[in-house]
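Peer 1:
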Amino acid sequence: METELTEEEVDGFLKNNPLFVRTWLTEHGLSELGEEIFAKTEIHIEKAHAFIDFIGNALFKKKLAQKDESETLTENELYKEVVKILNSEFHTDSLCHRVLKKLCTLLPCEKASLFLARGTGQTQYLISTLFDVTAESTLEESLHTEENAIRIPFGKGISGFVAQNKCLLNIKDVYQDPRFLSEVDEKTGFRTKSILCMPILDNDNKLLAVAQVLNKIKEEYFDSEDENIFERFLSFCSISMNNSTFFASSIEEHDRHSLLLKLNRCILKYQNSLTKLISEITKLAMEMLQCESISIYLSDPNKEKILPTEYSKVFQLSRGASDISEQIIAPNVRKAIERNMNSKNNFDVFNLNEFTESDTIQLESKIGSWLLCLAIKDASNNFVGWIVYIRDSRDIFSRNDINMMELFTMFCGLAIYNCRLYETSAKTLCQLEFTNKVLSYHATCYPEIVDRFLSMEMESVNYSQIYQFDFDHFLYSEDDTVLLVVRIFLDAKTLPVLNISKELLYRWILTVKKNYRPVTYHNWRHALNVTQMMFCMLTTGKLQIYFTEFDRICLLIACLCHDIDHRGRDNAFQAKTASPLAILYNTSVMEYHHISRCLMILKYEETNILRNISVEKYQQGLKLIEKSILATDLLMYFEKRYIFKQKLEVDDQALSSQESIDLLICMMMTASDLSSITKPWEVQRKTAITVATEFFEQGDLESHFTRNIMPMMDRRKRHQLPKMQVGFI
1 METELTEEEV DGFLKNNPLF VRTWLTEHGL SELGEEIFAK TEIHIEKAHA
51 FIDFIGNALF KKKLAQKDES ETLTENELYK EVVKILNSEF HTDSLCHRVL
101 KKLCTLLPCE KASLFLARGT GQTQYLISTL FDVTAESTLE ESLHTEENAI
151 RIPFGKGISG FVAQNKCLLN IKDVYQDPRF LSEVDEKTGF RTKSILCMPI
201 LDNDNKLLAV AQVLNKIKEE YFDSEDENIF ERFLSFCSIS MNNSTFFASS
251 IEEHDRHSLL LKLNRCILKY QNSLTKLISE ITKLAMEMLQ CESISIYLSD
301 PNKEKILPTE YSKVFQLSRG ASDISEQIIA PNVRKAIERN MNSKNNFDVF
351 NLNEFTESDT IQLESKIGSW LLCLAIKDAS NNFVGWIVYI RDSRDIFSRN
401 DINMMELFTM FCGLAIYNCR LYETSAKTLC QLEFTNKVLS YHATCYPEIV
451 DRFLSMEMES VNYSQIYQFD FDHFLYSEDD TVLLVVRIFL DAKTLPVLNI
501 SKELLYRWIL TVKKNYRPVT YHNWRHALNV TQMMFCMLTT GKLQIYFTEF
551 DRICLLIACL CHDIDHRGRD NAFQAKTASP LAILYNTSVM EYHHISRCLM
601 ILKYEETNIL RNISVEKYQQ GLKLIEKSIL ATDLLMYFEK RYIFKQKLEV
651 DDQALSSQES IDLLICMMMT ASDLSSITKP WEVQRKTAIT VATEFFEQGD
701 LESHFTRNIM PMMDRRKRHQ LPKMQVGFI
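Counting along the sequence shown from 1, when you hit position 272 you're at 272 in full-length UniProt numbering, and nothing is skipped either side.
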């Protein structure tokens, strides 16, 4: 190793070797200067000394520059080496260890350490990962495991202060700083003098770790240049940690998606049993999170108090158990729920030993029991219940653990809501079925009335009009209208085709009549008129050739039931008032309601005139009835009329296809529904008055909430009725 020249040595050498000086000046192009110096003997000795000093300083500066260049080269080489390590090393611990070793050489310092940030919220802390790294230490010697790691809460000690405030600290004498934790030195036997501590942050300024170097070698403390070097080298650790965090996040995201899919399957599979559902999703959570136990407390929606009592029960799954069990709530679980309720946080983490948030430094790395309490809330942010996780570990729940548990809690809330909704729906269906049975009893014609009509002499009624297009229902009494309908179905061969008794036919007809409301126009007599016109078109009009006997009966059933339970208000009124029917049916509101009532009557054994036919024929008949009743919606008629006309004129004059037959049914249903306008004047006039009266009644109701009333429903424009009637025709 070269020894550094001193000024005294250079000065003495030049004084004792003037020939060397002259030769050196000549070789370096300074011969004129040399000649001048040695030729002028009168030069004062002080000038000679000044020159010697100049030469000496020049040599010293050159040597110093060479030294700086050498140090810069060393630092640059270290940078290049670290970059190579970064490109080849995928393990963060190994890379950070090698970086810390280089720092120990470059600064130089006695030791370096790296602490990773763990936890979340009020329970964040640092855990030693690489501890007491030296220039010569191996990774195995420096790497701390979960068992021997040192844990320091944020805000405690110098490293905890740096973690909490995300700032650099350069302390010259740590024992003069009250933040220094001397117990670490006492445990390790190392004497800390000076310390340089710096946070490692990601791109979002989130703390990843804290690094520190201890005891500057050959100097008492670290200077600003050391801080710059420290910061530059730690940037490589930051890159590696970011990459590692990103990779870990990808794995965590995959696990979350996997959990989501499994939870979705459970929700769909077990929605009819709350206990089974909670059992399956809790097993999934136990598999993913590895807790000692998971407890789920559900508040009673029927009670005002939602917090558990000491006698409340929870669904609990313990590690190793095959299934959940209902148990009396443990005191620590109940206390955690109460504190979470009061804190109004999404979650709270507790240490079960003292049931307080832990802020101690676990130098001995003891295993503790940690409790995480998360609230289950509905869409309105109301408490539905709580999930409590208990884990025996040296570390509290990580942010990823909490993210997974929050995700599980959200789906648990969704599953509970879905299951309770299913249970409510099931109960509602039971109530509906029971209500329908009660209604069917009251809606079905009483046996004594059926017996009364069965005993009547049918010959007393003139049935010939049912075959005429000018049929006038005003000529018949209320009882006669029933007998007319019976005669229509008897002449249509209903009894042999459907294989039913006359009593069942009477009971069905009388039940349909009972379910028509006493409104002004859309009542039982209107149903009679429509049914008679359909029968007349089939028989007198010779249209029966296009249908089977069973199809003809289904058309007559549809006509008799096409306005059953009509309220005297049209579809537009139902939509304007947002009635329950309008909410239940989006289009053809009243028509779908009529279908529903018709099928309800056919559903009951006492009034089901289709009960003795085959299943295939039964389904075929219901479809034809539904299709026929829907055809009475005039909005559908105008579209179908144009298509039907095109069929007759161009494609299918013989009506040979099923599509043409369906269009024919639509035309026949509308023709039957509006047939009153084709009757003789006296019949048509009376019918028009009843129609207008019902329309005006609807208009009177609409005037209470809107001014835009259709003219045909506006009582103030009743003088325009003849014009409107002609326009409609």
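Ideal Cβ positions, reconstructed from N, Cα and C, are used throughout, including at glycine.
The structure displayed is predicted, hence computed values, not measured ones.
Report the three-state DSSP secondary structure of Pro722 (helix, strand or coil).
Peer 2: helix
Peer 1: Quick one: Cα of Leu655 to Cα of Glu626, how far?
Peer 2: 21 angstroms
Peer 1: What ranges does the alpha helix (DSSP H) occupy inside the stretch 181 to 238, keeping only unbroken runs of at least 4 residues that lie completely in it?
Peer 2: 182 to 188
Peer 1: Grab me the residues of Thr356's own chain with a C-beta within less than 6 angstroms of its C-beta, minus the 5 sequence neighbours each way, in chain order.
Peer 2: Below a pLDDT of 50, predicted positions are generally treated as unreliable, and Thr356, at 42, falls in that range; the measurement from the model is reported next regardless. Correct list: empty, nothing qualifies.
Peer 1: On the three-state DSSP scale, how would you describe Gln327?
Peer 2: strand
Peer 1: So Ile661 is in the alpha helix (DSSP H); what residue range does that whole segment cover?
Peer 2: 658 to 673
Peer 1: Output yes if chain C places a C-beta closer than 8 angstroms to the C-beta of Met410; else output no.
Peer 2: Within the model displayed, chain C is absent; a lone protein chain is all it includes.
Peer 1: Taking Leu454 and Glu503 to be in contact with their CB atoms under 8 angstroms, please state how far apart those CB atoms are, rounded to whole angstroms.
Peer 2: Their Cβ separation, rounded to whole angstroms, is 6 angstroms, which keeps Leu454 and Glu503 in contact under 8 angstroms.
Peer 1: In whole angstroms, what is the alpha-carbon distance linking Asn243 and Val384?
Peer 2: One C-alpha to the other measures close to 40 angstroms.
Peer 1: Quick one: what does DSSP say Gly157 is sitting in, helix, strand or coil?
Peer 2: The DSSP-derived three-state label of Gly157 is helix.
Peer 1: Bridge partners of Arg391, per DSSP?
Peer 2: Bridge partners of Arg391: Trp370.
Peer 1: Residues in its own chain within less than 6 angstroms of Phe13 by CB, not counting five upstream and five downstream?
Peer 2: Once the five neighbours on either side are set aside, Phe13 has no close Cβ partner at all.
Peer 1: Between Thr670 and the rest of its own chain, which residues show a CB-CB distance below 6 angstroms, the 5 nearest in sequence each way excluded?
Peer 2: Tyr637
Peer 1: Tell me the residue span of the beta strand (DSSP E) that contains Ser318.
Peer 2: 313 to 318
Peer 1: Is DSSP giving Gly119 helix, strand or coil here?
Peer 2: In this structure, Gly119 counts as coil in the three-state DSSP scheme.
Peer 1: Since Thr690 contacts Thr520 with CB under 8 angstroms, what's their CB separation in whole angstroms?
Peer 2: 5 angstroms
Peer 1: Per DSSP, Leu555 is paired with what?
Peer 2: Answer is none; Leu555 lacks a bridge partner.
Peer 1: Looking only at its chain, what residues have a beta carbon closer than 7 angstroms to the beta carbon of Ile171, apart from the 5 residues adjacent to it on each side?
Peer 2: Ile158, Asp177, Ser194, Ile195
Peer 1: Count the other C-beta atoms from every protein chain shown that fall within 10 angstroms of the C-beta of Trp524, then say buried if there are 16 or more, exposed otherwise.
Peer 2: When all chains shown are included, Trp524 counts as buried.
Peer 1: Label Asp300 either buried or exposed according to how many other C-beta atoms from any shown protein chain fall within 10 Å of its C-beta, with 16 as the threshold for buried.
Peer 2: exposed
Peer 1: Starting from the Cα of Gly93, find the closest Cα among Ala135, Cys109, His144 and give me that residue.
Peer 2: Correcting the residue type first, residue 93 is Asp in the shown sequence and not Gly. Nearest C-alpha to Asp93: His144.
Peer 1: Which term fits Cys237, buried or exposed, when burial requires 16 or more other beta carbons within 10 angstroms of its beta carbon?
Peer 2: buried
Peer 1: Under 8 angstroms, with one C-beta from each stretch per pair, do the stretch 281 to 296 and the stretch 408 to 421 reach the 3-pair mark?
Peer 2: yes
Peer 1: Mind reading off the beta-carbon distance from Leu510 to Val482? Whole number of angstroms is fine, and I expect it under 8 angstroms.
Peer 2: 6 angstroms
Peer 1: For Leu374, which of Ala149, Asn342, Asp392 has the nearest alpha-carbon?
Peer 2: Taking only the C-alpha atoms, the option nearest Leu374 is Asn342.
Peer 1: Does the stretch 659 to 678 come within contact of the stretch 457 to 464, defined as at least 3 CB pairs closer than 8 angstroms?
Peer 2: no
Peer 1: For Cys430, is the classification buried or exposed, using 16 other Cβ atoms within 10 angstroms of its Cβ as the cut-off for buried?
Peer 2: exposed
Peer 1: Going by DSSP, which residues form a beta bridge with Phe535?
Peer 2: Per DSSP, none; premise fails for Phe535.
Peer 1: Within 10 angstroms of the Cβ of Cys109, are there 16 or more other Cβ atoms? Answer buried if so, exposed if not.
Peer 2: buried
Peer 1: Just to confirm my understanding: we take Leu298, look at its own chain, exclude 5 residues before and 5 after, and list those with CB closer than 6 angstroms. What are they?
Peer 2: Gly385
Peer 1: Can you tell me whether His49 is buried or exposed, with buried defined as 16 or more other CB within 10 angstroms of its CB?
Peer 2: No answer about His49 holds up, because its pLDDT of 43 lies below 50 and its placement is not dependable.
Peer 1: With C-beta atoms as the reference, is Ile267 less than 8 angstroms away from Ile296?
Peer 2: no
Peer 1: Quick one: give me the first and last residue of the beta strand (DSSP E) that Leu130 is part of.
Peer 2: 125 to 133
Peer 1: At which residues does the alpha helix (DSSP H) containing Leu610 begin and terminate?
Peer 2: First-last for Leu610: undefined, no H or E at that position.
Peer 1: For Tyr125, which residues of its own chain have a beta-carbon under 7 angstroms away from its beta-carbon, when the five flanking residues on both sides are left out?
Peer 2: Arg118, Gly119, Arg151, Ile152, Pro153, Phe154
Peer 1: Return the first residue and the last residue of the alpha helix (DSSP H) that Asn170 is part of.
Peer 2: For Asn170, no alpha helix (DSSP H) segment is defined; the enclosing uninterrupted segment is the beta strand (DSSP E) at 169 to 171.
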